[in-house]
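Heads up: the structure comes next, in structure tokens.
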Amino acid sequence: MPEASLPRPGRLTGLILALQFLTRLPTPQLKAFHPSWLAASARWFAVVGLLVGALLALAALAGSRIDPWLGALVALVAWVWVTGGLHLDGLGDLADALGASHRDPARFHAVLKDPHVGSFGVLALVLAVLAKLLLLMLLLKAGAPLWGLLLLPAWTRLFAVAWSATLPPLAGGSGERFGWQSHWPSLSVNLVLLTGLSVWLAPVLLAAPLAGLAWWAFLRRRLGGMTGDCLGAGIELCEILLLLLLVIAPHLPA
Numbered sequence: 189m190p191e192a193s194l195p196r197p198g199r200l201t202g203l204i205l206a207l208q209f210l211t212r213l214p215t216p217q218l219k220a221f222h223p224s225w226l227a228a229s230a231r232w233f234a235v236v237g238l239l240v241g242a243l244l245a246l247a248a249l250a251g252s253r254i255d256p257w258l259g260a261l262v263a264l265v266a267w268v269w270v271t272g273g274l275h276l277d278g279l280g281d282l283a284d285a286l287g288a289s290h291r292d293p294a295r296f297h298a299v300l301k302d303p304h305v306g307s308f309g310v311l312a313l314v315l316a317v318l319a320k321l322l323l324l325m326l327l328l329k330a331g332a333p334l335w336g337l338l339l340l341p342a343w344t345r346l347f348a349v350a351w352s353a354t355l356p357p358l359a360g361g362s363g364e365r366f367g368w369q370s371h372w373p374s375l376s377v378n379l380v381l382l383t384g385l386s387v388w389l390a391p392v393l394l395a396a397p398l399a400g401l402a403w404w405a406f407l408r409r410r411l412g413g414m415t416g417d418c419l420g421a422g423i424e425l426c427e428i429l430l431l432l433l434l435v436i437a438p439h440l441p442a
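Here is the structure:
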């Protein structure tokens, strides 16, 4: 279809597409679609992260009224459900590829495209889920405010946009859908927004960009670029790191 004949996206089209891509939340059905709209939806990733964080905080708060372990379990189930396991899938695939490739690029891409989950992937998924469950329990047991849990998914989804904008895509897949379009204006706005919210609600998360930078450096040095699975794995690992930061924050020097 010629570009000129394509219908113009509505004001909320990008938000709807971001919700559809990143979550399982119900959204209005779009009457038309073009791939360029999906790339442009990345400006809404941090906002979607705030919605995910709000659901997690509410689930954790509701369950913790009975017991911190129940709150952690309810929050974890909500976390997996609302994202559809999208990022966990990326973590499992990347763990298999890194574990079985033996630094052979061709082997890495072959394993990454294999839909089956191997032993490295299973181990990574089990450890990631257990880490989140334990850290959520410790966070709730401490009785700390859950503002950090609200902001955490927004930070990690902002990281994904930054990784896709600054690293070359290595292979076909969801990562390429966002990598070819610059998002610097929206990145800057969302960075300022999350920084301000962190100063106000959870100052310890001002260190969050260090986690995103660490994963960027790993992908740059180890792989030379990114794929959609790399973005998903990075979101999962950075979420675990930021959860750990929230847990140990009360024990850090003032």
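Each residue of the sequence shown is one higher than the one before, counting from 189 in this note's numbering. Even for Gly, the Cβ is constructed at its ideal location relative to N, Cα and C. None of these values were measured; they are calculated from a predicted model.
Would you kindly work out how many angstroms separate the C-alpha atoms of residue 265 and residue 289, rounded to a whole number? 32 Å
Contact between the stretch 337-346 and the stretch 421-440 (3+ Cβ pairs under 8 Å): yes
Cβ-based burial, residue 444 [other Cβ within 10 Å; buried from 16]: Residue 444 falls outside the range modelled here, since the chain spans only 189 to 442, and no answer is possible.
Outcome for residue 314 when other beta-carbon atoms lying within 10 angstroms are tallied against a minimum of 16: exposed
What's the call for residue 426, buried or exposed, on a 16-neighbour Cβ count within 10 Å? buried
Please report the distance separating the alpha-carbon of residue 210 from that of residue 292. 31 Å
Looking only at its own chain, which residues have a Cβ that is under 7 Å from the Cβ of residue 263, when we skip the five neighbours before and after it? The residues are 244, 247, 248, 251 and 324.
Return yes when the Cβ of residue 358 is within less than 7 Å of the Cβ of residue 287, no when it is not. no
Expressed to the nearest angstrom, what Euclidean distance is found between the alpha-carbon atoms of residue 405 and residue 298? 23 Å
Assigned exposure category for residue 254 - 16 Cβ within 10 Å defines buried: exposed
Do residue 272 and residue 345 have their C-beta atoms within less than 7 Å of each other? Not a contact, by the Cβ cut-off of 7 Å.
Outcome for residue 440 when other beta-carbon atoms lying within 10 angstroms are tallied against a minimum of 16: exposed
Over the uninterrupted alpha helix (DSSP H) stretch that includes residue 242, give me the two end residues. 233-252
Taking buried to mean at least 16 other C-beta atoms within 10 Å of its own C-beta, is residue 220 buried or exposed? With fewer than 16 Cβ atoms within 10 Å of its Cβ, residue 220 is classed as exposed.
What are the complete alpha helix (DSSP H) segments, minimum 4 residues, inside the stretch 361-417? 362-367, 372-389 and 396-406
Give me the Cα-Cα distance between residue 330 and residue 424, rounded to the nearest whole angstrom. 23 Å
Closest Cα partner of residue 232 within the set 269, 311 and 341: 341
Distance, residue 225 Cα to residue 449 Cα: Nothing can be reported for residue 449: it is not among the residues displayed for the chain, which extend from 189 to 442.
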